[in-house]
Structure formats: structure tokens, C-alpha cells
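Engineer:
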């Protein structure tokens, strides 16, 4: 049985700490995922993944990379990581205090740069926040591979908490398509990571819905970032 009071308590806590969106995904929505990339690999008794999103402000996004992509500024990626990790830690403690094991997944995962134990992709994190946001009904995956929300487009970052608590699920997003395949992401990628040396598109099934997106050249992406 889903715990509605605990669900609302968690949501209020996250919104109060600065999250702009909060959703709840039952782990059954990962039934088609490779086990090592699913919530069950992190917490075997998991029932729910709690997902929070912060809107990266339009001004900060448009000024990103000036003068360099790693420069810090108020609201920059280091501040975002710090905020999201604090929120996840606080929520994990709240759930633990309520008697439910919980593990917060770090905001910026340490990727597996090579294929590992049958995982079918490179740079695979322990748990994809993009897939989690989609499973929690906050977004859908665009051609770029980013999670697109109806409120803020792709200008969001996400944090996830895996828990054994049975929380009230958020419905999967079912509104108008958020990615119209305009291919502007392909055109404007400075590293050509979405148009050179590509494999066949990714295809993932989340909560019974199938999403196809570019199997980007992740090495180009990483090289450009650094």
C-alpha cells in the first residue's frame, strides 16, 4: 500500500529545499532495464525512486561556457551538485527515520568508461537520472538524450533517491510531444557528438513507453567538456 502522508512529506521537504519539480517512480518501471542499471542493483528491496529537478536558470545556461565551460559562478554546476546532493541526503535520512531504507544517488555519477559485466553502453552510471526523471513522470527523453520537462524544457538537472518505501507514483508524462525532432541539437553541438561516428539510435522502454534517441559519440562529448 502506498504511503500518501510520507509521499507528501517528502515532496514538501524537497520543494522547500529548492527543488522545482518532484516525482515518484515505482521500480516496476525499470523492468526492461539491465539489472546493473536498475534501482534493484542499488537497493535490493527498493520499491520507489524519488526524483527531484532544479531549473537551471535561462541566464546561467545562455552564459554557460563564458569564458570557459568549467568556470564557476553562482548557480553554476558545482552549486547545483552541492544543492542536489544535500537535498538527496536530507530525504534519505527522512525516509530512514520513517523506517524505510534509502540510498541517495550522487548528482554526478562516476561513469563506467568501458563496458562492464554485460551493460550494453559506455559511460554508464549506476542509475541514470535522465531515465529516472522520465520514469517519475517529470520528463520525456529528447533526441539529444536529455530529459525534457514541459515546464523548463531541457534546462533541468535531476537527483534520485532509491528507497524501500512504497510511495504514491506520479503518472508517466502523457502530454504533447516535448521533442519535435527539429534536430537543432544536432546542428548546434560544437563537438559534432550527435552527427559523427554514430551507432544506431538508443531504444529504451520505461514504464511501458519506448523512447528512441541519438546514440551520441560520448567520447566527443567528454573531450569537448574537458
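Residue numbers (the numbering used here): 1188 to 1413.
Every residue gets a Cβ at the ideal spot worked out from N, C-alpha and C, and that includes glycine.
For residue 1378, which residues in the same chain have their Cβ closer than 7 Å to its Cβ, ignoring the five residues on either side in sequence?
Structural biologist: Taken in chain order, the residues that qualify are 1407, 1408, 1410 and 1411.
Engineer: Going by CA-CA distance only, name the one from 1193, 1326 and 1357 that's closest to residue 1280.
Structural biologist: Cα-wise, what sits closest to residue 1280 is 1193.
Engineer: Which residue spans inside the region 1193–1242 form an unbroken beta strand (DSSP E) run of at least 3?
Structural biologist: Here the runs fully enclosed are 1208–1213 and 1235–1242.
Engineer: With a threshold of 9 Å between beta-carbons, can residue 1370 be considered close to chain B, or not?
Structural biologist: No chain B appears in the structure shown, which is made up of a single protein chain.
Engineer: Please report how far the alpha carbon of residue 1362 lies from the alpha carbon of residue 1232, in whole angstroms.
Structural biologist: If you take the alpha carbons of residue 1362 and residue 1232, they lie about 32 Å apart.
Engineer: Between the C-alpha atoms of residue 1202 and residue 1227, what's the straight-line distance to the nearest angstrom?
Structural biologist: Between residue 1202 and residue 1227, the C-alpha separation is close to 26 Å.
Engineer: Taking the straight line between their C-alpha atoms, what separation do you get for residue 1282 and residue 1375?
Structural biologist: Distance between the alpha carbons of residue 1282 and residue 1375: 42 Å.
Engineer: Comparing alpha-carbon positions, which option in 1365, 1237 and 1199 lies nearest residue 1323?
Structural biologist: Nearest option by C-alpha distance: 1237.
Engineer: From the DSSP output, in three-state form, read off residue 1248 for me.
Structural biologist: If DSSP states are grouped into helix, strand and coil, residue 1248 belongs with the helices.
Engineer: Taking 8 Å as the cut-off, does the region 1266–1276 touch the region 1195–1209 (at least 3 CB pairs, one atom from each stretch)?
Structural biologist: The region 1195–1209, when compared against the region 1266–1276, does touch it at the 8 Å Cβ threshold.
Engineer: Does the Cβ-Cβ distance between residue 1246 and residue 1350 come in under 9 Å?
Structural biologist: Result no, Cβ atoms of residue 1246 and residue 1350 do not sit closer than 9 Å.
Engineer: Would you mind stating whether residue 1275 and residue 1330 have Cβ atoms separated by less than 9 Å?
Structural biologist: No, the pair does not count as a contact, with Cβ atoms beyond the cut-off.
Engineer: In the DSSP assignment, find the beta strand (DSSP E) that holds residue 1399 and state where it starts and stops.
Structural biologist: 1396–1400 is the span of the beta strand (DSSP E), which, as asked, contains residue 1399.
Engineer: Exposed or buried, what is residue 1213 when buried is set at 16 or more other beta-carbons lying within 10 Å of its beta-carbon?
Structural biologist: With 16 or more Cβ atoms within 10 Å of its Cβ, residue 1213 is classed as buried.
Engineer: Are the beta-carbon atoms of residue 1394 and residue 1321 separated by less than 9 Å?
Structural biologist: Yes; because the gap between Cβ atoms is below 9 Å, this pair is in contact.
Engineer: Would you check if the distance between the CB atom of residue 1319 and the CB atom of residue 1347 is smaller than 9 Å?
Structural biologist: Contact: yes.
Engineer: What's the C-alpha gap between residue 1308 and residue 1191?
Structural biologist: If I take the Cα positions, the gap works out to 37 Å.
Engineer: Which of the three DSSP states, helix, strand or coil, is assigned to residue 1315?
Structural biologist: DSSP places residue 1315 in coil when its eight states are reduced to three.
Engineer: Pick helix, strand or coil for residue 1292, following the three-state DSSP scheme.
Structural biologist: Here residue 1292 sits in strand by DSSP.
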